[in-house]
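Protein chains in written order, with the working numbering: chain A, 76 to 398; chain B, 18 to 469.
C-beta: ideal position from N, C-alpha, C; glycine also.
Below is one structure, written out as structure tokens; comments come after it.
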Amino acid sequence: MATTRTDHGRIAAPARAVPRQAARPGRRGPRRSRRSGLHTLVFLLPMLLIFGVFSWFPIGRAILMSFQQTNLVTDPTFVGLENFQTVLADPLLWTAVKNTLYFAFLALLFGYPIPLVAALLMSEVRRAKGLFSALAYLPVVVPPVVAVLLWKVFYDPGPEGVFNTLLGHVGLGPYAWLQDADIAMPSLVLEATWAAAGGTIIIYLAALTGVDPTLYEAAEIDGAGIWHKIWHITLPQLRGILLITFILQIIGTAQVFLEPFLFTDGGPANSTVTVLLLIYRYAFTSSLGGDYGAATALSLMLAIVLALFSALYFRLTRSWSSS
Amino acid sequence: MKPSRIIATTAAAALAAAGLAACSESEDDDGITDITVAIDAGLEQGAIDAFNDRIAQFEEAHPDINVETQEYTWTATTFTAQLAGGTLPTVFTIPFTDGRGLIERGQIADISGLTAELPYIGDFNPNVAAAGSDADGNLWALPIAAYGQGLHYNRTLFEAAGLDPDAPPTTWDEVRAAADQIAEATGEAGYATMTNANTGGWILTTMAYALGGRTEVIDGDTATATIDTPQMREAIDLIRQMRWDDDSMGDEFLYDWGTINQDFAAGRIGMYISGGGNYGSLFTQNALNPDDYGLTVLPLEGADAGVLGGGTLAAVSPNAESAEQAAAVDWIDFYYMEKLTVEEAAVADAKTLADSGQPVGAPQLPVFDKATYDESLTWVADYVNVPLDQMTPYTDQIFDQPLLTEPVRGTQEVYAVLDTVVQTVLTDEGADVDALLAQAETDAQAAMDAAA
């Protein structure tokens with residue numbers, strides 16, 4: 076990939092320059108180095124504090140809690156691996172895993188190609204490209220809760236519901252969008268795709284501007300049509316971005332919570348319970364103080380699975396992304 | 018700037034920030050005790066004004082206490098998060114079912130030393146007081162209201178369907194027939210039920226109780242789940258018939274307490290089961306038209322049938338210091354209890370509410386004895402502004418119905434298990450009820466064992 080090769084070249088140049096500098100230490104060299112390190116530390120300190128307090132400390136605390144029984148009010152007790160055993164013995168875990176995989180599959184099926192197609196089409200538009208970009212991005216700036224409430228109106232299961240009224244004109248429906256265990260999950264995916272596609276479209280549009288136009292000109296001279304240009308130029312040029320958005324989508328969908336929580340609360344009959352919703356239920360279903368140990372144990376397991384998946388994914392696609 | 022200066026400046030800023038934080042955490046030096054008290058979320062302005070008036074009256078009587086309000090509505094999930102996060106108001110309310118568990122776990126403040134000094138401490142109905150007491154009978158949380166489940170119905174939809182709103186159903190067969198008639202005539206749901214956030218289990222348990230069933234048997238420390246019973250099956254069959262045979266339950270099957278109240282107040286539901294004192298919430302939070310409202314008792318059929326009852330406890334945050342605990346008990350006594358025991362307080366409370374256009378006189382069950390309750394009603398009779406005559410089918414009969422307490426072991430977890438049963442029956446026409454009940458009993462037993 077051209078851009079990647081260029082990046083490698085850029086990284087290589089300073090790597091050669093550093094030893095030359097180090098080989099000629101002046102009198103002020105070490106002091107500068109120490110001062111530079113101190114400066115770096117001082118400038119890093121606020122960020123380290125913020126990350127430490129709001130990210131690393133909670134992560135560390137969660138790992139600790141996964142080995143404890145605690146209600147966060149009274150003193151915790153260590154229970155070893157009991158929380159992990161509890162979670163793994165819960166039959167609802169496998170329902171949640173299956174549902175999450177189903178959501179991820181549907182989200183990839185619809186949510187992955189749609190932004191790409193939209194971006195390709197928008198990149199071809201000569202006029203009002205900004206307007207189209209703004210329209211595509213608009214759902215992203217709608218607060219998620221507002222978007223869900225809006226779509227709940229759309230999904231009204233009665234014949235007078237928005238979608239059912241529209242489909243009724245062509246003789247379809249009415250459908251129980253969120254009340255039917257078979258179509259509740261696809262309904263959630265539809266809204267999630269609408270809500271998130273704008274951000275991905277903007278990323279693709281930005282990446283498309285980086286494609287060298289002379290490649291298209293050369294292809295046109297060779298008589299290539301639009302599909303050939305997309306297949307042989309655009310997609311290969313976007314390969315790096317596509318790989319990143321793919322893994323981000325997998326990680327994002329594996330952590331889906333908002334839609335099942337706000338639309339269905341995991342129903343009907345647990346058909347939209349996801350792993351994150353199950354974590355939430357462990358923590359908060361019992362008003363007497365949730366099972367925070369089980370909740371953090373499952374969180375930890377999910378994080379490990381996603382980390383392993385990401386590492387495996389990047390390892391398997393390394394050669395492809397740099398080819 | 019030199020690094021040493023940067024470090025010095027940073028350190029000085031950090032020390033200043035720490036100093037400010039320390040100052041903000043120090044106790045008031047003016048002798049004023051600050052407490053926060055729960056106010057229902059989503060109230061109309063009139064109700065908020067009435068609440069603020071009561072605070073002003075309290076602060077006038079207690080000049081050393083400053084009261085701030087905090088929006089709070091108990092739901093299992095939000096309560097747990099607030100409890101763990103330490104963000105509950107100083108005074109908050111909890112259902113009877115949670116009292117004993119929270120006390121055993123030390124998750125609410127032990128105010129028994131303060132409640133023991135209240136003049137009416139010995140007058141509570143013993144069954145009611147037990148909900149807020151520890152094993153030794155010390156009262157950690159004060160019972161402020163009790164209710165029995167009722168059948169709420171929309172009189173306007175009844176009339177539109179050719180039903181007599183003054184003669185609501187008295188058997189479950191009549192409930193089913195009325196639901197069918199309402200759905201047929203109006204296109205609205207004749208009958209609806211809650212299904213989400215543990216409320217599906219709450220209502221299914223209510224129906225099972227009304228048909229003579231129970232969901233648990235307690236023997237000493239052992240709790241046994243009794244979900245797979247003929248009574249529970251009868252309750253589920255009734256729901257299934259209304260949903261699939263009659264198609265009289267509308268299109269919405271993911272209701273919780275808030276959303277079913279919304280749809281009922283909006284005239285989209287003919288009948289539903291909820292607490293008998295629900296009128297206040299329907300009016301103040303959902304703009305219910307009083308003319309639409311009707312309330313009757315649940316039909317009780319079969320041996321040992323009874324009406325599921327419950328209630329509300331006022332509790333104090335475990336984070337409250339001793340002065341705050343004392344102020345909190347003063348507030349509970351003033352706001353919740355005096356109107357039940359002192360005529361002047363009852364009149365003042367009722368007048369404040371009535372002047373603000375808020376409901377006065379919605380039916381409840383007594384937390385003391387019935388004579389005290391009846392007497393308190395006479396004190397505020399001049400201010401009653403709820404349509405009591407539309408609730409007489411309930412108020413005339415509720416005191417004759419056997420009142421049963423909610424299940425005690427793993428209550429919310431068992432309700433969550435039953436949510437799934439109700440949702441499945443409502444959304445899957447071919448649901449295998451036998452398998453559902455067998456699985457639910459297993460899951461409920463596991464939940465009870467875990468809660469032991």
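- Runs of the alpha helix (DSSP H) spanning 4 or more residues and lying entirely within the segment 200 to 235 of chain A occur at 204 to 216 and 219 to 229, in chain order.
- With contacts defined by Cβ atoms closer than 8 Å, residue 377 (chain B) and residue 160 (chain B) do not form a contacting pair.
- Closest by C-alpha distance to residue 161 (chain A), out of A:354, A:378, A:383 and A:314, is A:354.
- For residue 235 (chain B), the uninterrupted beta strand (DSSP E) run begins and ends at 233 to 236, by DSSP.
- The continuous beta strand (DSSP E) containing residue 325 (chain B) extends over residues 324 to 333.
- With a cutoff of 8 Å on beta-carbon distance, residue 214 (chain B) and residue 252 (chain B) are scored as not near each other.
- The alpha carbon of residue 74 (chain B) has as its nearest neighbour, out of B:223, B:196, B:274 and B:352, the alpha carbon of B:352.
- By the C-beta density criterion, residue 452 (chain B) is exposed, having fewer than 16 other C-beta atoms within 10 angstroms.
- With respect to residue 208 (chain B), residue 196 (chain B) sits close: the two C-beta atoms are nearer than 8 Å.
- Cβ neighbours of residue 248 (chain B) within its own chain (closer than 7 Å, five residues either side excluded): 225, 228, 229, 230 and 319.
- Interface annotation, residue 170 (chain A): not in contact with chain B, CB-CB separation never under 8 Å.
- In the three-state DSSP reduction, residue 306 (chain B) falls in the coil class, being neither helix nor strand.
- Taking a C-beta distance under 8 Å as the contact criterion, residue 107 (chain B) and residue 341 (chain B) qualify as a contact pair.
- Segment contact: the segment 151 to 167 of chain B against the segment 117 to 125 of chain B, three or more CB-CB distances shorter than 8 Å; contact assigned.
- Contact annotation for residue 343 (chain A) against chain B: 212, 270, 271, 437, 440, 441, 443, 444 and 445 [CB-CB distance below 9 Å, chain order].
- Along the segment 111 to 137 of chain B, the positions whose C-beta sits under 7 Å from a C-beta of chain A are 115, 118, 119, 122, 123 and 124, read in chain order.
- For residue 85 (chain B), the uninterrupted beta strand (DSSP E) segment begins and ends at 82 to 88.
- With 16 or more other Cβ atoms from the protein chains shown falling within 10 Å of its own Cβ, residue 252 (chain A) counts as buried.
- Using beta-carbon distances, residue 58 (chain B) does not count as an interface residue toward chain A, since no partner is under 8 Å.
- Close partners of residue 105 (chain B) in chain A (Cβ separation under 7 Å) are lacking, with about 11 Å as the shortest Cβ gap.
- At least 8 Å separates the beta-carbon of residue 242 (chain A) from that of residue 326 (chain A).
- Annotation: the continuous alpha helix (DSSP H) that includes residue 372 (chain B) extends over 360 to 372.
- Assignment of beta-bridge partners to residue 124 (chain B) by DSSP yields no partner.
- The alpha-carbon of residue 390 (chain A) is positioned some 32 Å away from that of residue 142 (chain A).
- With its beta carbon less than 8 Å from one in chain A, residue 100 (chain B) belongs to the interface.
- Distance from the CA atom of residue 179 (chain B) to the CA atom of residue 326 (chain B), rounded to whole angstroms, is 32 Å.
- Collapsing the DSSP output to three states places residue 384 (chain B) in coil.
- The beta carbons of residue 234 (chain A) and residue 222 (chain A) sit no closer together than 8 Å.
- With a 10 Å radius around the Cβ and a threshold of 16 neighbouring Cβ atoms, residue 329 (chain A) comes out buried.
- Counting along the chain, residue 160 (chain A) sits inside the alpha helix (DSSP H) bounded by residues 157 to 164.
- Look at residue 242 (chain B): its C-beta is not under 8 Å from any C-beta on chain A.
- When C-beta distances to chain A are compared with 7 Å, the residues of the segment 420 to 436 of chain B below that value are 429, 430 and 433, in chain order.
- The Cβ of residue 147 (chain B) sits no closer than 8 Å to any Cβ of chain A.
- Within chain A, 359 and 360 have C-beta atoms less than 7 Å from the C-beta of residue 94 (chain B), given in sequence order.
- The alpha carbon of residue 321 (chain A) has as its nearest neighbour, out of A:165, A:195, A:110 and A:278, the alpha carbon of A:278.
- DSSP places residue 167 (chain B) inside the beta strand (DSSP E), whose first and last residues are 159 to 171.
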